[in-house]
Amino acid sequence: MTLFWIAVALVFAIGEVLTVALFAGFVALGALGAAVAAFAGGGIVTQSVVFAAVALVGIAAVRQPLLFYLQRRRSPDLLSGAATMIGQTALVVDPIGGPEHRGHVRIAGEDWPALPADGRPIAKGAAVRIVDIRRATLVVEPALPEQT
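Add 9 to the 1-based position in the sequence shown for the numbering used here, that's all there is to it.
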């Protein structure tokens with residue numbers, strides 16, 4: 010019977026890894042407890058009681074605080090590299106001629122190739138806001154709406 014309970018524990022442990030819902034993990038722990046009871050010579054009733062008790066206590070008493078701890082411990086996603094430039098303002102140093110004619114913008118002391126978001130040309134010296142990055146090219150729009 011010990012091998013049966015170990016097999017049950019493995020099946021539920023794999024299920025927990027696939028779902029990460031913290032249900033199957035406690036069932037796997039219950040099966041391991043039943044395997045220990047079987048190894049110690051307990052009967053099928055004892056094994057079943059140990060299995061049910063460990064699984065149910067784990068799910069009822071431990072699951073919710075454990076989920077709370079894991080969610081609280083999770084840190085926010087941090088942007089790094091070029092993704093941090095989205096939303097920043099840059100200066101056009103080489104005019105952007107349109108959707109097929111890249112220009113260059115300067116941000117944080119570096120010049121980057123840039124294309125307009127709306128396809129319209131942007132003159133040298135204009136302030137632009139970075140709205141996206143496509144490969145190594147910044148997609149920009151005028152930082153201030155044009156006066157009409």
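Note that CB positions come from ideal geometry on N, CA and C, so glycine has one too.
8 Å CB neighbourhood of T157 in its chain, flanking five on each side removed: With a pLDDT of 44 at T157, under the threshold of 50, the modelled position of this residue cannot be trusted; read the value that follows with caution. Contacts found: none.
Let me know if Q80 comes out buried or exposed under the rule of 16 or more other beta-carbons within 10 Å of its beta-carbon. exposed
What residues in its chain sit with their C-beta under 7 Å from that of R115, if we drop five residues either side in the sequence? Around R115: A99, L100 and V102.
C-beta contact flag for A40 and Q56 at 7 Å: no
Once you ignore the five residues that flank M10 on each side, which residues in its own chain have a CB closer than 6 Å to its CB? A47
Where the alpha helix (DSSP H) through E25 begins and ends: T11 to T28
Cross-strand partners of D141 (DSSP beta bridge): V148
Please report the straight-line C-alpha distance between P130 and G107, rounded to a whole angstrom. 5 Å
Contact check, W14 vs A33, beta carbons under 7 Å: no
Alpha-carbon to alpha-carbon, L31 and R143: 39 Å
With H, G and I counted as helix, E and B as strand and the rest as coil, what does DSSP make of A132? DSSP places A132 in coil when its eight states are reduced to three.
Going by DSSP, what residue range makes up the alpha helix (DSSP H) through G50? Here G50 belongs to no alpha helix (DSSP H), and DSSP marks it neither H nor E.
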